[in-house]
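In this note's numbering, the protein residues as written are 28 to 433.
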């Protein structure tokens, strides 16, 4: 779409506001709706002409800008929309950046229509935060690959159709250069998916996958062999942007705008608790200041990236802010709610603050831990020296042998 033909932000806002008002429910989507409901809502958004706002038209999108995506996010706040940030905010743009044309044409429209759900398969049981130390292997077989290994901490893997899976294709190459990224089918008899029960109990949101001789066509390789680390970094770029409230995933659930739901409830907790009013008020004010600053920073970075004034890993700065602020917010919620935050009986209200305190532990880890984000900000945004590490020129096999020797 030429720049002259792009719908103005004002006209788009009016059209989006009218459609949202007439087609979506008021409320917050956090914790609401199952997978089928999310897919139904995504199809509804697609049929309404608002899916893939910044996705090129040849793949089923509208071909508009990230600023149009931001307008949509502003208008949908306070309504129940599809929670599809992982698929459309992270996986889709990565496929758009690095996928083969056949995969783009076949799968991006299906994602936009709510017919397919994609996730990431990066972490492994033995790897921790060392994503580049992947042991899952892909071996060439005819005109494709056979994948063996295991992945862990994958969100919603029980419902996903495909996962972008980081695999090792060359064990004699240096650690970061022997990787590849493939799109792996998860509804496959050679994939075993087990739930990871959360500390707070309830339904599992993370899963462990065992991959046993999973065959993948060569066209499902993203980029080239040896470029897996580059593709993974691009995926994480989109993840951090989406999680922080900028980029393709803005307004699709899980971004910074969704954090206002719990922050607004903090004042209600303070009123119900009967704790010292001045003390509680100071915590509520601190929390509100953090929310305002985070929102303004997200807007500044989003506008700067869209206009080309900011380049690089600015989403990591926002992601770091979330990783620090979210646990602090949970601590405040526990503090102002008093005993009701940790003890309750029957159907009485209570307990949500301590459950939230357990949940947000993952915010400082998912998408790259706070420590990783600090390294990215210091090295790539501030230009500080790199942290000392392993010999980057040594083969992965040699690194593994050195580790075993201790």
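We treat Cβ as the ideally placed atom computed from N, Cα and C, and that holds for glycine.
Check                                                                                                                                                                   : Outcome
Just how far apart, CA to CA, sit residue 231 and residue 183?                                                                                                          : 8 Å
Quick check: residue 179 and residue 193, are their CB atoms within less than 8 Å of each other?                                                                        : no
Within 10 Å of its beta-carbon, does residue 224 have 16 or more other beta-carbons around it, so buried, or fewer, so exposed?                                         : exposed
Can you name, in chain order, every residue of its own chain whose Cβ lies under 7 Å from the Cβ of residue 233, other than the five neighbours on each side?           : 180, 181, 182, 223
Quick check on the burial criterion: 16 or more other C-beta atoms within 10 angstroms. Buried or exposed for residue 152?                                              : exposed
With distances taken from CA atoms, which of 402, 34, 107, 382 is nearest residue 415?                                                                                  : 402
Are the CB atoms of residue 33 and residue 82 nearer to each other than 8 Å?                                                                                            : no
Is the separation between the beta-carbon of residue 113 and that of residue 39 shorter than 8 Å?                                                                       : no
Using the rule of at least 16 other Cβ atoms within 10 Å of the residue's Cβ for burial, across every protein chain shown, is residue 316 buried or exposed?            : exposed
From 189, 48, 357, pick the residue whose C-alpha is nearest to that of residue 107; which is it?                                                                       : 48
DSSP three-state call for residue 178: helix, strand or coil?                                                                                                           : strand
So, for residue 129: in the same chain, excluding its five sequence neighbours on each side, which residues have a beta-carbon less than 6 Å away from its beta-carbon? : 246
Sort 318, 390, 314, 243 by Cα distance to residue 168 and report the nearest one.                                                                                       : 243
By alpha-carbon positions, which one of 66, 162, 61, 127 ends up nearest to residue 148?                                                                                : 162
Near residue 361, what residues of its chain come up, given a Cβ to Cβ distance below 8 Å and the 5 sequence neighbours on each side ignored?                           : 368, 369, 380, 381, 384
Between residue 359 and residue 310, which are expected to be in contact by the criterion C-beta below 8 Å, what is the C-beta distance as a whole number of angstroms? : 5 Å
Indicate whether the contact test is met: 3 or more Cβ pairs, each with one atom in the stretch 320-330 and one in the stretch 249-257, closer than 8 Å.                : no
How would you write the range of the alpha helix (DSSP H) that residue 198 sits in, first residue to last?                                                              : From DSSP, residue 198 is part of no alpha helix (DSSP H); its letter is neither H nor E.
Considering only C-alpha positions, which residue in the set 160, 251, 268 is nearest to residue 337?                                                                   : 268
Who are the near neighbours of residue 287 in its chain, counting only those whose CB is closer than 7 Å to its CB and skipping five residues on each side?             : Caution applies to residue 287, whose pLDDT of 44 falls short of 50 and renders its modelled position unreliable; the value that the coordinates give is listed next. The residues are 318.
At what residue ranges does the stretch 308-354 contain a whole run of the alpha helix (DSSP H), taking only runs of 4 or more?                                         : none
The alpha helix (DSSP H) with residue 47 in it runs from where to where?                                                                                                : 36-50
Distance check for residue 125 and residue 216, CA to CA, integer angstroms please.                                                                                     : 27 Å
In whole angstroms, what separates the C-alpha of residue 334 from that of residue 101?                                                                                 : 19 Å
For the candidate residues 105, 137, 321, 104, whose alpha-carbon lies nearest to that of residue 118?                                                                  : 137
Do you know offhand how far residue 238's Cα is from residue 189's?                                                                                                     : 13 Å
Select from 105, 186, 204 the residue whose C-alpha is nearest the C-alpha of residue 439.                                                                              : Any answer about residue 439 is impossible in this case: the structure gives the chain only from 28 up to 433.
From residue 226 to residue 394, what distance separates their C-alpha atoms?                                                                                           : 20 Å
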